[in-house]
Amino acid sequence: MTRAQEQTQLLEPAEVKPVTEDRDSVRRYYIKGFPDYFFVYPLLKQRALNFEVATTDRSSVLTFRPNNTFSLGLGLYVLEVNLELAFAIPLRERSIVRYGESEARDLQLNVLAKRWGVDAFYQRYSGFYLEEKSQTVHGDNPFPQRPDIGTRNFGFTGHYLFNHQKVSFRSAYNFSERQLESRGSFLLSGALYTFRAAGDSSIIGERWLERFGEQVDFSRLRYTTFSLAPGYTFNVTQNHFFLNATLMVGPAHHWVSYNLSGQDSERHDIAVNAFLATRFSIGYNGYRFFGGITFASQGSRMRFDDTTFANNNSVFKVLVGYRFRESGFLTRRVWDILPFEL
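In this text, residue positions in the sequence shown follow our numbering: the first is 740, and each later residue adds one.
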């Protein structure tokens, strides 16, 4: 039996067959797309923007977390564009008393092609509660809270997939394709973003100042990060089930400006440290039904004498969806209706 015949036997009935990428003679044996279908899926999502101050040996770690909740919404993949709209689930009063109240604005645009992907994001959070590594808050007692602290994080990240003919990022993260055989690929990622944290007084506070040192007694900290990080991604697939794991690690250059508590003068510095990004996805990708759990995280770390300052941007998402056959206007693509040529 030829390989083409083996592949044909794997397909479902004709009305739900994915279309082979005929113009790419190598890719069609490893990846199949669904260009004749649009997708609808409910989703549950949580995004977070945390930051921490820690000693270099991590014997003392102080983490600032927003009290943001899950969002419930609906996703749509149509005209080869992925759209998601989600609304926050209201917090219980008991949760607000213990963790404080946070306000969050979180916007993100994702473009995921065969070879490359780009994320543009803007995050604005205010109101944080503090977790200390060496201290446990028992029962329903409230955590230390800082409603005056606000953060902003905005910029771009992107990646280039070297073995795109055999590996599909889209199969694990937007389900517009399906990986047929387990394969991996090296990739190169880049990031350019600005993170800012500020409070009405010292961000750390007098309670922890002696432990971490006056060099991180910031009332305002802002840094712009540029990074190029190599990485590797691997898709494991068995029948219609899949698992993807991705890791990107590399150097990061920071342009830093800050104000120490009680001082009006602004200080400037530069630093070279590490950038880390991870992605994980697991789920089922059939011809009609699909679903999965995904987690993505990226952040950077800077050192000030014997203390490190780090921020982390993460998203957790659960979704289940169904593919419908396109007809009429839906058979067109977004570049077909734009008033200009791409």
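C-beta: ideal position from N, C-alpha, C; glycine also.
- Distance check between threonine 1033 and each of Arg786, Ile770, Tyr899, Lys771 places Arg786 closest, using alpha-carbon atoms only.
- Taking all protein chains shown into account, isoleucine 888 has 16 or more neighbouring C-beta atoms within 10 Å of its C-beta and is therefore buried.
- By the Cβ test, the segment 779 to 794 is in contact with the segment 803 to 822, since at least three Cβ pairs between them sit closer than 8 Å.
- Cβ-Cβ distances below 6 Å link histidine 992 to Phe965, Val1011 in the same chain, with the five nearest sequence neighbours on each side left out; the list follows chain order.
- The alpha-carbon of phenylalanine 1029 is positioned some 41 Å away from that of threonine 1047.
- Under the three-state reduction of DSSP, isoleucine 942 is assigned to coil, being neither helix nor strand.
- Only residues of its own chain outside the window of five on either side were considered, and among them Tyr962, Thr963, Ile1009 have a CB closer than 7 Å to the CB of tryptophan 994, listed in chain order.
- For glutamate 832, the enclosing alpha helix (DSSP H) has its first and last residue at 832 to 838.
- Distances from the alpha-carbon of arginine 1006 to those of Val975, Ser1039, Gly1022, Leu960 put Leu960 closest.
- Taking glutamate 823 as the centre and dropping the five residues before and after it, the same chain places the C-beta of Leu782, Gly812, Gly814 closer than 7 Å to its C-beta, in chain order.
- For a cut-off of 8 Å, the C-beta gap from asparagine 1051 to histidine 979 is around 33 Å, too long to register as a contact.
- Taken through DSSP and simplified to helix, strand or coil, glutamine 847 comes out as strand.
- In this structure the segment 895 to 910 lies against the segment 764 to 776, because at least three pairs of beta carbons, one per stretch, are closer than 8 Å.
- Residue pairing for lysine 784: DSSP places it in a beta bridge opposite Ser810, Lys1056.
- By the C-beta criterion, the segment 913 to 926 is judged not to be in contact with the segment 874 to 881, since fewer than 3 inter-stretch pairs fall below 8 Å.
- In this structure glycine 894 touches leucine 931 by the C-beta definition: roughly 5 Å separates them, less than 8 Å.
- In the DSSP secondary-structure assignment, histidine 992 is bridged to Phe965, Val1011.
- Per the DSSP secondary-structure output, glutamine 918 pairs in a beta bridge with Ile770.
- Alanine 852 counts as exposed, since fewer than 16 other C-beta atoms from the protein chains shown sit within 10 angstroms of its C-beta.
- For arginine 1042, the enclosing beta strand (DSSP E) has its first and last residue at 1028 to 1043.
- In terms of CA proximity to serine 1020, Asn913 leads the group Arg837, Asn913, Asn821.
- Phenylalanine 778 is not a Cβ neighbour of glutamate 1065, given a cutoff of 8 Å.
- Taking the Cα positions, isoleucine 835 is about 13 Å away from isoleucine 828.
- Distance from serine 1053 to leucine 999 at the Cβ level is roughly 29 Å; contact not present, criterion being Cβ atoms closer than 8 Å.
- A straight-line Cα-Cα distance of about 10 Å links methionine 1041 and alanine 793.
- DSSP links tryptophan 855 through a beta bridge to Tyr899.
- Using a 10 angstroms sphere on the CB of arginine 946, the tally of other CB atoms stays under 16, which defines it as exposed.
- Residues Phe1043, Asp1044 of the same chain have their beta carbon placed closer than 6 Å to that of glutamine 954, with the five preceding and five following residues left out of the count.
- Secondary structure at glutamine 954: helix, using DSSP grouped into helix, strand and coil.
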